[in-house]
Amino acid sequence: MNDAKSTSFDRPAAGSYSPQPLTGAMADEVERLLSGRTRDIRLTGDLRRRFDERRWRQTAKVIRSWMTWVAFVDVLTLALNALLLPREVALSMVAPACLLPPAAILTALVWTKPRPAAVQRASLLGGMCLILLSVALVGVFAGGEFYERHLTIMLFVATSAITIFGVPLAWTIAIACYALCLYFIFQWYNPLVEAGSVVAGTLFFSCGIIATVVARRTMNILAQKTFLLDCRDQRRVAELADANARLERLARTDPLTGIANRRWMMETLESLWRHGRETGTVAMLMCDIDHFKALNDKLGHGEGDRCLVKVAGIIQSCVRADRDLVSRHGGEEFLIVLPDVEEKEAVSVAKRIRESVEAAALPNPSSSVGPSVTLSVGVAFKSAVDTGVSLANLQHEADVALYRAKEAGRNQVCVFHRPPPAAEQIAARR
């Protein structure tokens, strides 16, 4: 993967990161990258931006922890040197060692929140330069056995940073080159080491650092591949959820009219009655298009379908969209449920629906009622005190009312009047 380009780390932390759905082009790019060789993965554009947004918090946390730990170890080492080493040697280490804590703490502070990429790059590389220089100068100032020892420690510090910092490859290479240059320059001027040994030592440590950089590059590639796999999985989950939602809509929607079908309506009503939520007033309207079979026979099924769609639209326009339930109950039948209405209001809605269908003047030349489509409506009503009225009872009453409307000549509204209880009948006789 080509990490050589400076990438943007000025993104929200992962804790607040909320990935947006992939666009079609991005999804195609994810599939293309995953279908090729892992080592050829190169994130660009929006994919790169999303990857950086996702990993920022983890990267920043690692950098802050590392900087804090290095500053703590530096202070602890100075204290131990003051106790264990000769006074002159310990004092010579103080000045260069004092460079490290401020550089580490300042770098950690910069990485406490997302900032522009240029600021974060400058802070990390500048902080690492000062930290590595401080470790090297401690040995140079102390001299003797400490000279080469601290240069080796400096390389170890650089190697640990390269290993755990999940930053762009260009930043990693910069840290590695700086550490090797410091080692070579200070070793070249080390009076205790010959030139040949300096070159040999530099080449030896170069091999180790190069291997570490390669390992870091491999880890970056694997992290990006994991990101791509997650992107693909998230897209597939989203597609599956969308497909399930479409199937659910299809399962509860009449494909011709677009309103609810009988199955969804009955499941909804049964749920209301089963859980005791339908305790208030409710009206049920059963509507039937008069002589619909004659319309189909005369004008054809295409015209019949258009009639059903228009009647469904008229019914929906006459009810409360946010509360009332409308479904296609059968071939030319529609069921309407009006919660929280009085009987007078329910009858008014039924009349409005009937009148609106008649006013639409949809052709039905074979109807015995008239030249246009008409509607018969049966109304059944349950008040709050009718606790013994079940869903099946109410639906049966609406069917009975509809049958009576048809018997009475069609194109009219008929209300089912429930007989009073026996006790009330006896009281009425007295």
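Under full-length UniProt numbering, think of the first position of the sequence shown as 1, with each following residue one higher.
Built from N, CA and C at the ideal position, the CB exists for glycine as well.
Per DSSP, what kind of secondary structure is residue i in: helix, strand or coil?
i      : result
Asn220 : helix
Ala361 : coil
Ala211 : helix
Asp40  : helix
Glu333 : strand
Lys113 : coil
Phe165 : coil
Cys98  : coil
Val157 : helix
Arg328 : strand
Asp28  : helix
Val89  : helix
Gly258 : coil
Thr253 : strand
Leu180 : helix
Ser376 : strand
Asp305 : helix
Phe381 : strand
Asp322 : coil
Leu22  : coil
Ala118 : helix
State buried or exposed for residue i, treating a residue as buried only when at least 16 other CB atoms are found within 10 Å of its CB.
i      : result
Met219 : exposed
Gly143 : exposed
Arg354 : buried
Ile209 : buried
Leu169 : buried
Trp188 : exposed
Ala245 : exposed
Ala238 : exposed
Ala283 : buried
Asp242 : exposed
Ser92  : buried
Pro101 : buried
Pro86  : exposed
Arg32  : exposed
Ser390 : exposed
Asp297 : exposed
Ser368 : exposed
Gly139 : buried
Looking at C-alpha atoms only, which residue of the options is the closest neighbour of residue i?
i      : options                           : result
Asp180 : Thr159, Pro191, Gln58 and Ile164  : The question names Asp, but residue 180 is Leu in the sequence shown. Answer by Cα proximity: Thr159.
Ser65  : Trp264, Val193, Arg352 and Ala161 : Ala161
Glu342 : Lys382, Pro371 and Arg352         : Lys382
Lys113 : Arg57, Arg121 and Phe141          : Arg57
Val46  : Leu22, Ser206 and Leu133          : Contrary to the premise, residue 46 reads as Asp rather than Val in this sequence. For Asp46, the nearest C-alpha among the options comes from Leu22.
Ile336 : Leu325, Glu345 and Lys344         : Leu325
Ala117 : Phe205, Arg49, Ser390 and Pro339  : Arg49
Met67  : Gly258, Ala25 and Leu124          : Leu124
Val119 : Cys177, Leu240 and Trp171         : Trp171
Gly258 : Ala95, Ala27 and Asp305           : Asp305
Glu332 : Ala361, Pro365 and Leu295         : Leu295
Phe146 : Ser356, Phe186 and Ile173         : Phe186
Leu34  : Cys207, Leu222, Leu155 and Cys287 : Leu222
Glu345 : Ala361, Thr281 and Tyr403         : Thr281
Could you give the distance in angstroms between the alpha-carbon of residue i and the alpha-carbon of residue j?
i      : j      : result
Cys318 : Val379 : 15 Å
Ala215 : Arg249 : 51 Å
Phe51  : Gly330 : 53 Å
Val347 : Val385 : 19 Å
Gly126 : Leu109 : 13 Å
Ala263 : Val62  : The displayed chain sequence assigns Arg, not Ala, to residue 263. So the alpha carbons of these two residues sit roughly 56 Å apart.
Cys414 : Ala321 : 24 Å
Ala200 : Asn190 : 14 Å
Ile315 : Thr38  : 59 Å
Pro371 : Cys307 : 14 Å
Gln20  : Glu53  : 12 Å
Arg418 : Glu358 : 29 Å
Ala398 : Gly313 : 21 Å
Phe165 : Thr59  : 7 Å
Cys177 : Cys129 : 11 Å
Asp233 : Trp111 : 31 Å
Asp230 : Glu194 : 54 Å
Asn81  : Phe141 : 14 Å
Ala251 : Ala260 : 9 Å
Ala14  : Arg55  : For Ala14, the predicted model reports a pLDDT of 40, less than 50, meaning its position is unreliable; a value from the coordinates is still stated below. When rounded, the distance between both Cα atoms is 6 Å.
Glu303 : Val377 : 22 Å
Ser356 : Cys287 : 13 Å
Ala350 : Phe334 : 12 Å
Ala104 : Ala25  : 42 Å
Ala27  : Arg235 : 8 Å
Just to check my reading of the structure: residue i and residue j have Cβ atoms closer than 8 Å, yes? What is that Cβ distance to the nearest angstrom?
i      : j      : result
Tyr212 : Thr163 : Per the sequence shown, the amino acid found at residue 212 is Thr instead of Tyr. Contact flag correct, Cβ pair sits at about 6 Å.
Gly394 : Asp290 : Sequence check: residue 394 is Leu here, not Gly. About 23 Å separates the two Cβ atoms, so there is no contact after all.
Asp254 : Arg323 : Rounded, the Cβ-Cβ distance is 20 Å, inconsistent with contact.
Leu132 : Pro96  : With a Cβ gap of about 11 Å, Leu132 and Pro96 do not count as contacting.
Less than 9 Å between CB atoms is the rule here; does residue i satisfy it with respect to chain D?
i     : result
Arg48 : In the structure shown, chain D does not exist; there is a single protein chain.
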